[in-house]
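Down below is the structure, laid out as C-alpha cells.
Numbering (UniProt numbering), first residue to last: 1 to 1088.
Encoded structure:
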C-alpha cells in the first residue's frame, strides 16, 4: 500500500503481448540480446593510446564493477520522464502525480522481477548495496534485532500489517482495514483497547536480545565493515558470555545483567572453503548449532538470534552459493538469512520466495542495480520481509516519513516502504532501476547463465595454458559466474612457478593502452577474501597495514587484476579479451621501462600519456558557447571516436602490439636513459612484490635475447638513501603472496605457509641491523642513561660530513675559538645537527666548543623534558629556557594585527641571544636545511613578491652574535634517515596556537616534491639560485639580485651589516612557520 499514488486507485498498466503467443523467452533470447547490444551507449567507442595517438575500439570487461548505459532507457528518461518531472510526496500537480506514478510502477517492476510479494518491502536506498546494508543495520538496532514484541506494549505499529490488495490488517484484532488512516482510527477503539489489555496480561516479560552477526569471508566490504563497527556500540552486558566460542564482541563496562531490554551484538566470521571458494557451509551449520544451544542452555535471559550475511556471488572469483538451500538451513535454526546480491543479480535470477524451497526465502537482500546493463545511475535496493520491520522509529528520520508533527509531539507513517525513504529520493535513479528490471524480465536467465558459463570456461581454459597467469579461486569453476581475477608473473622460476608479479595496475594500464580492454586492478573491495586467496597470513597482513600507514607507499598494496564476461559480449570481443591477457603475460614486461608509477597512489601510466589531451570536461561541454547559442555541435557528437576504419580483430591487435614493443624505446618514445623508477622506502624492500621499470631496462638494454630478470647492479639505486650495496636492504626475489594458492591442495597450502614463516624468520635473523619499526623489535643495547647506545654514539656517514663541512667552509660559519650554541628544539633536524657538529669537532683542525639550548613555551603540546637527560648523557653543556610564550602573546599582541608566529619566533630568538651573551657564546646554530630554504624561497616569491630565503651566516643587529645554518646543503630526508637509524629521541613539536602543521608549507612541499620527480636535479638548481640570497653580503638586496646588479659569484664573506640582514632572515624563517598564507596563526582568545 503506497501513501501517494496508491496502485489500487491507478488504472492497470497495459500488458504488451509477447511477440508470437505461446513462445517462451528462450526463443526470443538472441533477438533481445541483439537489441540490447545495439542499445549500449559507447558500443563503438574508441580510445586514444599513448604510443602513437592511434585508437583502439574499447572492449568493456568491467561489468562486475558497473553495467553500461542503454540508449533506450536514457531516451525514456529524457523524452518521457523529465518533461513531466516533479518532486514526489504529492499527487496534486500533474508533474508530481506522473512522477509519483512512474516511481510507484518502478517499485512494482522490481518486486515482480525478484518474485517479492505483499509481505516483502522494496526500499530504494540510493547508494547501491552499501546504502542497503547500512540501512539494514539501522533497522537492526532500532528494532532490537527485529524483536517481534516491539519497543512498547501500546505501539500501534506492532499490530499493523499490509495485505496483498493494498489495504492493511490489525493482527491483534484480526480485522482487515482499507488503509492506514482507518487503521489509526481502529487502534483507538474500545475493542482494540480490550484486546490490548488482555495481551499485556498474558505476554511474557521481554528480556535482553542479542544479534549474532555471522559473516561470509567472501563478502564485499559493504557487508563486512558496518557489521564490525556496530560491536562497540552494542556490547555484551558486564558478566555476559559469548554464544559462539571464538567470536568477536565487546563487553560493557557499565551495563550489567540487572538491566532489561538491552540490545547486544556479537560477530562470527566464517572460514573459507578453498575447494569451492565460498564460505565453509559445515562451519556455518556448527555456528548455528552453537547459537541454538546457547538459547536452550543459558542461565541468563538473553535471547540470541543468528543474523547470517552471505554473499550470493563473489565479486572476485565468481564463486556462488545456493541461495534457497542455505536460506533453508538458516531458517531451520530460527536465523535470519541476509544476502548480498551485488554481484549475483546481474548473473542469475534471484527468487525472494522460491516455490521449490518453502523455507528458502530471503529475509533481507542488498542489491546494486547499477551493475546491470542499463543500470548506471540507478538507485540501490533493500529487499526485506516486512515482519522484520519492527522498528518504531524509521532508520532515517526526515521529510516524507512523518504522519504528523506538532510543537510537542510527532508520529510516523506505517507504510513499510515509504517510512524508510526519508527526504527527497533519487527519483530518476528509482525509475531507472524499475526500467532496468523491466527490460531484464524479457530475458531468459537460464540462457544468460549458460552463455556466460560458456564464455568464462573458454576464457579460463585459454588463460590456464600460460603458467605465468595465476588465476585466483577454486580449480573447479563449475559453480562460478563469469568473473575472473588473476595475477601475471614477471620472472617465473621453472621449479617453483614463483617469482615477482607484474603490478596489477601496470597490467590494467597495458591492457587499456595497447588493446583498449577495460578491466580493474586492486582488491575489489573484498580485503579479507583477497588475503585468503593470496595466501597472506595474519602476521603479514598486520605488517602490510602498518607499512602502508607509516610509509604512505600505496604501490605495495596487494591485489590482482579482474575482468568479467557478459552475455552481451561478442565472440570477437571475447577473443580480444583472452588474447590480450595472454600477450601481456608473455610480452607485457618488455613495456615496464616505458611506464612509471606513483608511490602514493599505486597508479601506473605510460610516460608519454598526457591525459589532459583526451580528458573531457563538464565545464567545456556545457560552457558559455553552448549557453549563448554558438554553433558548437551536438554533445552526442563529442568523444573519442576514430574517423579511420581499422581492423580490431585480435590478430591485427597483436601485430600492432608487437610493433609497439619493437619501438617502445626508440626515438620519439621513451629511451632507456629516460626510464623513470621512483625510489622506494628501504624498510619496504622485502614487501616489494612486483617488478620495477628498472628491472625491465636492466633486462633489455644491450641484450640480444632478453629474459625478465631482477636488477642486481649495485650502481643502480632502487631505494631511498643511495645506491645498492652490501648495506642495502635485501630485495625479495619472490612475491610475499601467491595467487595460485587456490589451485593447491590443503596440504600444499599448509606447507607453503609454514615455509614462508620459516623464510621470513631466517631473513630477519640474517640482517645486520634491523630498522626501527613497531613490527620488528630487535634487542637494543641501552646506554646507562636509558637511551639506546646508538643514539649516544651514532655513526655519521661520509656524505653527511662532506655536506656540512662544505657548507661551513663556503659560508665561513665557524672560526678558531668559536663557542657555538645549538638551538635544540628536539626535532630530527636540530638533534641531527648537534651530532654532526660534535662529529666535526672531533675531526676539524679548527677548535671550537658546543653547547645546546631549548626554549620551552610552557604548553602541554610540547614536552622537551627528556632532552635534559639526553644532553647529560652526551656530555653537552645544556641550557633549558622556559617562559609562557602563549600567555605573553595574549597580553602583548595587538588584537587587530595578531601575528603569533612572528611573536613566538622573535621571543625565542631573544631568549637564545640573552643566553648566548650571558654564557659567552659567539654563534647560534639553527637547524634549517635545504628543503626549508627552498620552501621559504618559493613561498616568499608566491605570497610576498620578494626574492628572499634564510641566510647561511650573518651577524645580528648589535653585531656581537652570529647566526649560522650548517645544514643548508643537507636534504630533509637525509636528516630524517639519520635520526631514525640512530634512534634519536625526537620530541614532537606542534604549534601551540593551532595544533597543526603549517598547511601552506605542506602544499609547497608537495609541489616541490612533484616537480623533483620530473626534474631530479631540481634542488641542485634551486640551491644555485638561492646561494646569492643565502650569503650575508647580499642580504637585504633582493631587488638588485633580481635586476642582475649583483652576481651570484661574489665572495660570500660575513660582514657586520645593517639590521635588514636579521629582519630579512627572520621574515624568511617565519614564512615557513606560519599556518596560513597570510603568515599569521590566529591568536588564542583570552580565558575569561
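The beta-carbon is built from N, C-alpha and C at its ideal position, and this holds for glycine as well.
Would you mind working out which of 284, 263, 729, 518 sits nearest residue 1106, comparing C-alpha positions?
-> Nothing can be reported for residue 1106: it is not among the residues displayed for the chain, which extend from 1 to 1088.
Quick one: Cα of residue 483 to Cα of residue 457, how far?
-> Here residue 483 refers to the residue found at position 483 when the chain shown is read from its first residue. Here residue 457 refers to the residue found at position 457 when the chain shown is read from its first residue. Going by the C-alpha atoms only, they are around 10 Å apart.
Span of the beta strand (DSSP E) around residue 121 = Within the chain shown, numbered from 1, the residue matching residue 121 stands at position 121. Counting along the chain, residue 121 sits inside the beta strand (DSSP E) bounded by residues 120 to 124.
Going by the beta-carbon positions, is the gap between residue 579 and residue 660 smaller than 8 Å?
-> Mapped onto the chain shown, residue 579 falls at position 579. Mapped onto the chain shown, residue 660 falls at position 660. Contact flag unset, no.
For residue 793, which of 820, 799, 814, 842 has the nearest alpha-carbon?
-> Residue 793 sits at position 793 when you count from the first residue of the chain shown. For the residues 820, 799, 814, 842, the minimum Cα distance to residue 793 belongs to 842.
How about residue 266 and residue 245: are their beta carbons less than 8 Å apart?
-> Walking along the chain shown from the start, residue 266 turns up at place 266. Walking along the chain shown from the start, residue 245 turns up at place 245. Cβ atoms of residue 266 and residue 245: not closer than 8 Å.
Where residue 71 sits in the DSSP three-state scheme = As a first step, residue 71 is located in the chain shown; it is residue number 71 there, counting from the start. Residue 71 falls in the helix class under three-state DSSP.
Would residue 146 pass as a contact of residue 140 if the rule is Cβ separation under 8 Å?
-> The residue labelled residue 146 in the question sits at position 146 within the chain shown. The residue labelled residue 140 in the question sits at position 140 within the chain shown. In this structure, residue 140 lies closer than 8 Å to residue 146 by Cβ.
What are the boundary residues of the beta strand (DSSP E) that includes residue 340?
-> As a position in the chain shown, residue 340 is number 340, starting the count at 1. Here the beta strand (DSSP E) through residue 340 covers 336 to 340.
Reducing DSSP to helix, strand and coil, say where residue 1069 ends up.
-> Position 1069 of the chain shown, counted from the start, is the residue given in the question as residue 1069. Of the three classes helix, strand and coil, the one that applies to residue 1069 here is helix, per DSSP.
Run through DSSP, which three-state label would residue 402 get?
-> For the purposes of this step, residue 402 is taken as the residue at position 402 of the chain shown. Strand, per DSSP.
Keeping to the same chain, check which residues put their C-beta closer than 6 Å to that of residue 670; ignore five residues upstream and five downstream.
-> For the purposes of this step, residue 670 is taken as the residue at position 670 of the chain shown. Excluding residues within five positions, the ones whose Cβ falls inside 6 Å are 594, 607.
Taking DSSP as the reference, what is the three-state secondary structure of residue 757?
-> What you label residue 757 is simply residue 757 of the chain shown in a count that begins at 1. The predicted position of residue 757 is uncertain, since its pLDDT is 43 and thus under 50; a value taken from the coordinates is nonetheless stated next. Under the three-state reduction of DSSP output, residue 757 falls in the helix class.
To the nearest angstrom, how far is it from the Cα of residue 1069 to the Cα of residue 816?
-> Position 1069 of the chain shown, counted from the start, is the residue given in the question as residue 1069. Position 816 of the chain shown, counted from the start, is the residue given in the question as residue 816. Taking the straight line joining both Cα atoms gives about 28 Å.
What three-state label does DSSP hand residue 307 in the structure shown?
-> For this step, residue 307 is matched to residue 307 along the chain shown. Residue 307 falls in the strand class under three-state DSSP.
Should residue 404 go down as buried or exposed, given a rule of 16 or more other Cβ atoms within 10 Å for buried?
-> Here residue 404 is taken as the residue at index 404 of the chain shown, counted from 1. By the beta-carbon neighbour count (other beta carbons within 10 angstroms, threshold 16), residue 404 is exposed.
Count the other C-beta atoms from every protein chain shown that fall within 10 angstroms of the C-beta of residue 120, then say buried if there are 16 or more, exposed otherwise.
-> Here residue 120 is taken as the residue at index 120 of the chain shown, counted from 1. Around the CB of residue 120, 16 or more other CB atoms lie within 10 Å, so the residue is classed as buried.
Residue range of the alpha helix (DSSP H) that includes residue 886 | Translated into the one-based positions of the chain shown, residue 886 becomes position 886. Taken as a continuous stretch (DSSP letters only), the alpha helix (DSSP H) holding residue 886 covers 885 to 892.
In three-state terms, what does DSSP make of residue 595?
-> Here residue 595 refers to the residue found at position 595 of the chain shown. Residue 595 falls in the strand class under three-state DSSP.
Three-way DSSP call (helix, strand, coil) for residue 969 in this model = On the chain shown, position 969 is the one that residue 969 refers to. Of the three classes helix, strand and coil, the one that applies to residue 969 here is coil, per DSSP.
Quick one: grab the DSSP three-state call for residue 522.
-> Taking the chain shown and counting its residues from 1, the one referred to as residue 522 is at position 522. Residue 522 falls in the strand class under three-state DSSP.
For the stretch 534 to 585, list the alpha helix (DSSP H) runs that are entirely contained and at least 4 residues long, ordered along the chain.
-> Along the length of the stretch 534 to 585, whole alpha helix (DSSP H) runs at least 4 residues long occupy 538 to 551, reported in chain order.
How is residue 117 classed by DSSP in three states: helix, strand or coil?
-> Stepping through the chain shown from its first residue, residue 117 is reached at position 117. Residue 117 falls in the coil class under three-state DSSP.
So what does DSSP say about residue 702, is it helix, strand or coil?
-> To locate residue 702, count along the chain shown from 1; it is residue 702. Reduced to three states, the DSSP call for residue 702 is coil.
Check whether residue 214 and residue 281 have beta carbons under 8 Å apart | Taking the chain shown and counting its residues from 1, the one referred to as residue 214 is at position 214. Taking the chain shown and counting its residues from 1, the one referred to as residue 281 is at position 281. Residue 214 is not a Cβ neighbour of residue 281, given a cutoff of 8 Å.
What is the residue span of the alpha helix (DSSP H) that residue 430 lies within?
-> Translated into the one-based positions of the chain shown, residue 430 becomes position 430. 427 to 440 is the span of the alpha helix (DSSP H), which, as asked, contains residue 430.
With DSSP collapsed to three states, give me the class of residue 950.
-> Residue mapping note: residue 950 aligns to position 950 of the chain shown, counting from 1. For residue 950, the secondary structure class from DSSP, reduced to helix, strand or coil, is coil.
Backbone secondary structure at residue 370 - three-state DSSP | The count along the chain shown starts at 1 and reaches residue 370 at position 370. Residue 370 falls in the helix class under three-state DSSP.
Any chance the stretch 905 to 919 sits against the stretch 980 to 989, with 3 or more Cβ pairs inside 8 Å?
-> At 8 Å Cβ cutoff, the stretches do not touch.
Taking 8 Å as the threshold, find out whether the stretch 551 to 565 comes into contact with the stretch 515 to 533 through three or more Cβ pairs.
-> Yes, the stretch 551 to 565 touches the stretch 515 to 533.
Let me know if residue 617 comes out buried or exposed under the rule of 16 or more other beta-carbons within 10 Å of its beta-carbon.
-> The residue you call residue 617 lines up with position 617 of the chain shown. Under the 10 Å beta carbon count, residue 617 is surrounded by fewer than 16 other beta carbons and is classified as exposed.
If you draw a straight line from the alpha carbon of residue 491 to that of residue 658, how long is it in whole angstroms?
-> As a working note, residue 491 is residue 491 in the chain shown. As a working note, residue 658 is residue 658 in the chain shown. One Cα belongs to residue 491, the other to residue 658, and the distance between them is close to 20 Å.
DSSP beta-bridge partners for residue 963?
-> As a first step, residue 963 must be located in the chain shown, where it is residue number 963. For residue 963, DSSP records a beta bridge to 924, 954.
So residue 315 and residue 127 are in contact, right, with Cβ under 8 Å, and what is the actual spacing, rounded?
-> On the chain shown, residue 315 is found 315 positions in, with the first residue counted as 1. On the chain shown, residue 127 is found 127 positions in, with the first residue counted as 1. That belief does not hold up - the Cβ atoms of residue 315 and residue 127 are roughly 17 Å apart, past 8 Å.
Skipping 5 residues on each side, what residues in its chain have a beta carbon closer than 7 Å to that of residue 591?
-> The count along the chain shown starts at 1 and reaches residue 591 at position 591. 510, 661, 664, listed in sequence order.
Take residue 837 and list the residues in its own chain whose beta-carbon comes closer than 8 Å to its own, dropping the five residues that flank it on each side.
-> As a first step, residue 837 is located in the chain shown; it is residue number 837 there, counting from the start. Closer than 8 Å at the Cβ level, and outside the excluded window around residue 837, lie 804, 820, 822, 850, 925, 966.
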